[in-house]
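Since the structure comes first, as structure tokens, the remarks are kept for the end.
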RNA sequence: GCCACUGUAGCUCAGUCGGCAGAGCGGCUGAUUCGUAAUCAGCAGGUCGGGGGUUCAAGUCCCUCCAGUGGCUCCA
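Numbering (my numbering), first residue to last: 113 to 753.
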């Protein structure tokens, strides 16, 4: 190395303002270790002049330097990406003909896609073993910058890598990383060695859509990485707990709903689940009344011609359930909009009728692809808390502000974390650009005017309108779209809807399609996992269980349950067919909010022994006090019992 | 819809080399009458997802269909 290559006064400036000299051969790792020896073991890469670099990088010039740890997003991504290399190395060792394609970090881990025959669980076991071997050997990630021709020679057998090389702009450095005997084309940077990947875990494997039509599908291995086994163990523990909260598990245990292969994707709501549905319905309906809505019910199926007007027949054909009758085709409605449009158009309308807010909770049918069905989260028949608002342009902002506030209020009631997403015009859509731009701008303005943070999702709008979606997460962190606000100029025009303005002219209203909770099905799926089956008292299918200590108090328990029932609570008297501790255990496992125990003592003094879910210590309470306490919790829709 | 995997009692699962279908929980019956997370005993419960094939013999091997699971694609 030529010592004259770097200027003698080159320095690195650290976040705290400290300066350290940079020699021609000084590495980022050495600089960081000098800067903070005690924290250095956590540094997995550096930021040189704001650019992520390997610890082995030799800047040889003046610049700024900051450390990257696993706790930094960029550092986290470097570890995930390094883990992807490790997976690729292990798979190529196990299946030499496998051709790696790309392996990026994702929102919650990493994957690596391979051009290879379909993988099997045995392959994955071998991959895991190979990863462990490499980790034990502590193999360094070694960066090499190579000429284009050299890179092409290295990856001559892998057309995917050759394509990436060809796509690299002329003049850009081509780098590869060696890990033991494995070499991958990669911009880097990486963790220093495979020992950093002790906490890497393979989560699963599957096929992906082919890169191009006609090509075979790629095989994807997914995983997640942590810098230590302890952190991985913690993650796996949380994951196991999340799996126990899976709404499909709880739905069975609590007898909320069931599915049957003779109606795949169609929900059977059991008595307990139906209580949840009705309570949610009531919750939403109370809002509707206050917010000036009218409720309607329109046909479940329409002649095909209606969907040709709405555009669904052209843009949504593959999702229709279709029936034939009287020499015509009927589509089962996948959305409520056509019915609302026909109502609005059924007679002349005045501007005085706007905003006209028509709500409809009707079953909708969508023939979703079979492989996408997922418990309550994705079904083929569902009911939305749906409404269509017919508005003038001037009314749009105020209506959407109310909706945004409403969604936030609902999420607060359920203590749900939510995220707004603004989805704009998709590739396949109706109408002209000007309408779309106007609608997209109106939604954007509404979000910004109401201080709602949002993520932009270009091209993800409905075929007829841009939309603001609400995303909630399930127990494993997978996002699900629930509420939606769509601003539509197309459908009212296609249905020829008009109202007479104050100046006597006929104008076309805009339509806001919106749901607050989304569908009962998906919302309850998310909510089941969110509360882990511990329903807020107002939703709990059984709110109170009254347990007699012995047979002697059986009648008293029945009488108390009846009294609570007439006070409006969902109360059940338990039998004395098992020991009291056993029956308490069963009620606790059923997550009943309130357990009342009645023995001779309670009968003597007219009190109740109350055990509130979440607190093991029972307390004595009078009947009147308990009724007041529990009914207030229910009436106020409090989250905790 | 695509790829892989899975499907045995109401639930969770075991079932070896192809050779009589099993356990725990739950249910029912009886005993026990119990004070805040599992009392004891007995009994019942099966088209081994459906169909076809190989075999003396199939839960087990092969083919096929269905459903579910995890991803992909797509969406409330």
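Note that beta-carbon positions come from the ideal geometry of N, C-alpha and C, so glycine has one too.
Return the chain-ordered list of same chain residues with a C-beta closer than 7 Å to the C-beta of residue i, the five sequence neighbours on each side being excluded.
i: residue 427; result: 540 and 575
i: residue 338; result: 311, 344 and 347
i: residue 683; result: 655, 656, 658, 673, 676 and 677
i: residue 187; result: 156, 157, 180 and 181
i: residue 842; result: Because the chain here runs from 113 to 753, residue 842 falls outside it and cannot be looked at.
Could you give the DSSP three-state label for residue i: helix, strand or coil?
i: residue 347; result: helix
i: residue 302; result: coil
i: residue 592; result: strand
i: residue 188; result: helix
i: residue 272; result: helix
i: residue 758; result: Any question about residue 758 goes unanswered here, given that the chain covers just 113 to 753.
i: residue 364; result: helix
i: residue 114; result: For residue 114, the predicted structure reports a pLDDT of 41, less than 50, and the residue's modelled location is therefore unreliable. A value from the coordinates is still provided. Of the three classes helix, strand and coil, the one that applies to residue 114 here is coil, per DSSP.
i: residue 441; result: strand
i: residue 340; result: coil
i: residue 468; result: strand
i: residue 738; result: helix
i: residue 141; result: helix
i: residue 102; result: Here the chain has residues from 113 to 753 only, and residue 102 is not among them.
i: residue 498; result: strand
i: residue 293; result: coil
i: residue 726; result: coil
i: residue 133; result: strand
By the 10 Å Cβ neighbour count, where 16 or more other Cβ atoms means buried, how is residue i classified, buried or exposed?
i: residue 246; result: buried
i: residue 723; result: buried
i: residue 537; result: buried
i: residue 640; result: buried
i: residue 557; result: exposed
i: residue 586; result: buried
i: residue 383; result: exposed
i: residue 462; result: exposed
i: residue 283; result: exposed
i: residue 235; result: buried
i: residue 687; result: exposed
i: residue 232; result: exposed
i: residue 492; result: buried
i: residue 422; result: buried
Enumerate in chain order the residues of its own chain whose CB-to-CB distance from residue i is below 8 Å, with the five nearest sequence positions on each side excluded.
i: residue 113; result: Summary for residue 113: the model assigns pLDDT 40, below 50, so the residue's position carries little reliability; its value from the coordinates is reported in the next sentence. Answer for residue 113: 136 and 137, listed in chain order.
i: residue 749; result: 395, 525, 648 and 650
i: residue 117; result: At residue 117, the pLDDT of 47 sits below 50, so the modelled position is not reliable; the number obtained from the coordinates is stated separately. Once the five neighbours on either side are set aside, the close Cβ partners of residue 117 are 136 and 172.
i: residue 72; result: Any property of residue 72 remains undetermined from this structure, which presents the chain solely from 113 to 753.
i: residue 746; result: 649, 650, 655, 680 and 681
i: residue 567; result: 531, 532, 533 and 534
Can you check whether the CB of residue j is closer than 9 Å to the CB of residue i?
i: residue 240; j: residue 200; result: no
i: residue 389; j: residue 632; result: yes
i: residue 630; j: residue 359; result: no
i: residue 498; j: residue 431; result: no
i: residue 562; j: residue 517; result: yes
i: residue 533; j: residue 582; result: yes
i: residue 627; j: residue 595; result: yes
i: residue 355; j: residue 588; result: yes
i: residue 169; j: residue 134; result: no
i: residue 164; j: residue 301; result: yes
i: residue 148; j: residue 308; result: no
i: residue 226; j: residue 334; result: no
i: residue 599; j: residue 512; result: yes
i: residue 502; j: residue 614; result: no
i: residue 484; j: residue 619; result: no
i: residue 469; j: residue 509; result: no
i: residue 153; j: residue 192; result: no
Closer than 6 Å by C-beta to residue i: which residues in its own chain qualify, once you throw out the five before and the five after it? Chain order, please.
i: residue 161; result: 175 and 176
i: residue 115; result: With a pLDDT of only 42 at residue 115, under the threshold of 50, the placement of this residue in the model should not be trusted, and no figure is reported.
i: residue 661; result: 692 and 711
i: residue 669; result: 658, 660, 685 and 710
i: residue 593; result: 581 and 583
i: residue 256; result: 288
The alpha helix (DSSP H) that contains residue i, what's its start and end?
i: residue 450; result: 449 to 456
i: residue 243; result: 233 to 249
i: residue 506; result: 505 to 525
i: residue 425; result: 424 to 427
Please list the terminal residues of the continuous beta strand (DSSP E) segment that includes residue i.
i: residue 684; result: 683 to 685
i: residue 581; result: 579 to 585
i: residue 653; result: From DSSP, residue 653 is part of no beta strand (DSSP E); its letter is neither H nor E.
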